[in-house]
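The structure under discussion appears below in the form of structure tokens.
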Amino acid sequence: MQRGLFLVFEGNNGAGKTTIINKLLDKLQSEPYVIDIINERQINKWNIYKFPNRNTILGKKIDDFLKNKINLTKDVELKFFADNRKEFQAEMLYILNRGYNIICDRYVYSSMAYTLTSQSVDIINKKDTQILSMDQIIKYDYNCIRPDYVFIICGDFLHLRNENKEKYHKNKLFNSILLNNYILSIQRYSTNFAIIDNIYGKLDETIEIIIKIINDIKNK
């Protein structure tokens, strides 16, 4: 049996990843009925995972961290995020190995890109900071499932969210550096990727571009 596709969507906060994923799922999910069940989760032809998953015990600690309620050292932060992803690794492998597909809203590349960018901005602002190498950043993620393709979504819709500002809701300087670090992070894992400009009012066109790329991946 051929493994299902594992697609990851990355990008800055407010880029429109979740909106694109939900719209994309409407187009791809030709079989909305349940095919299988694991850990009380319904499995369909296409399945969405979002990281961090804030519903687990560890996820709730990450949520507190992102909402600036608790402080974590950088090493503990990276381990928490990696362990949160690992909580679902067996489940995700079960789905993929049965030929079903996964769309992931953020993955290991976010930890890598945001850490590198935070370090860069601290250096620009002449702020004392702990500098970690790429190997140090990904040391808890060496055995993560490798995606088939990564979409980096570029957009600026954070102002449309009705929510409190979180730790990594950053400014244009941060986001401009972030894009380059996403590319470096994805290349570190030698994963194929595309940069998608999410332009206001062009959602349908954006979805069609992504579907074309997905079809090309399937046909290889």
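The sequence shown begins at 919 in our numbering and counts up by one. Beta carbons: idealized from backbone N, C-alpha and C, even for Gly.
Check, Outcome
"Segments assigned alpha helix (DSSP H), at least 4 residues, entirely inside the segment 1042-1079", "1052-1055"
"Burial state of Thr1124, where buried means 16 or more other Cβ atoms lie within 10 Å", "buried"
"Reference Ile1095; option with closest CA among Lys1138, Asp1040, Leu1050, Ile1131", "Asp1040"
"Close Cβ partners of Leu923 (< 6 Å) along its chain, the five nearest in sequence each way excluded", "Asn1019, Asp1066"
"Presumed contact (8 Å Cβ cut-off) between Asn1099 and Leu1034, rounded CB distance", "4 Å"
"Beta-carbon gap between Leu866 and Ile1128 smaller than 8 Å", "What is shown of the chain runs 919 to 1138, which leaves residue 866 out entirely."
"Euclidean distance between Cα positions of Gln947 and Ile1049", "43 Å"
"Backbone CA spacing between Asp1151 and Ile956 [nearest angstrom]", "Any answer about residue 1151 is impossible in this case: the structure gives the chain only from 919 up to 1138."
"Beta-carbon proximity check, Glu1009 vs Arg972, cutoff 8 Å", "no"
"Three-state class that DSSP yields for Leu984 in the structure shown", "helix"
"Residue range of the alpha helix (DSSP H) that includes Tyr1100", "1090-1106"
"Between the CA atoms of Ile1113 and Ile1070 - distance to the nearest angstrom", "5 Å"
"Sub-8 Å separation of Asn1116 and Ile938 beta-carbons", "yes"
"Which of helix, strand or coil DSSP assigns to Gln1142", "Outside the shown range of the chain (919 to 1138) lies residue 1142, about which nothing can therefore be said."
"Rounded Cβ spacing between Ile1021 and Ile961 (contact assumed at less than 8 Å)", "Contact doesn't hold; Cβ gap of about 13 Å is too wide."
"Beta-carbon gap between Lys935 and Asp1059 smaller than 8 Å", "no"
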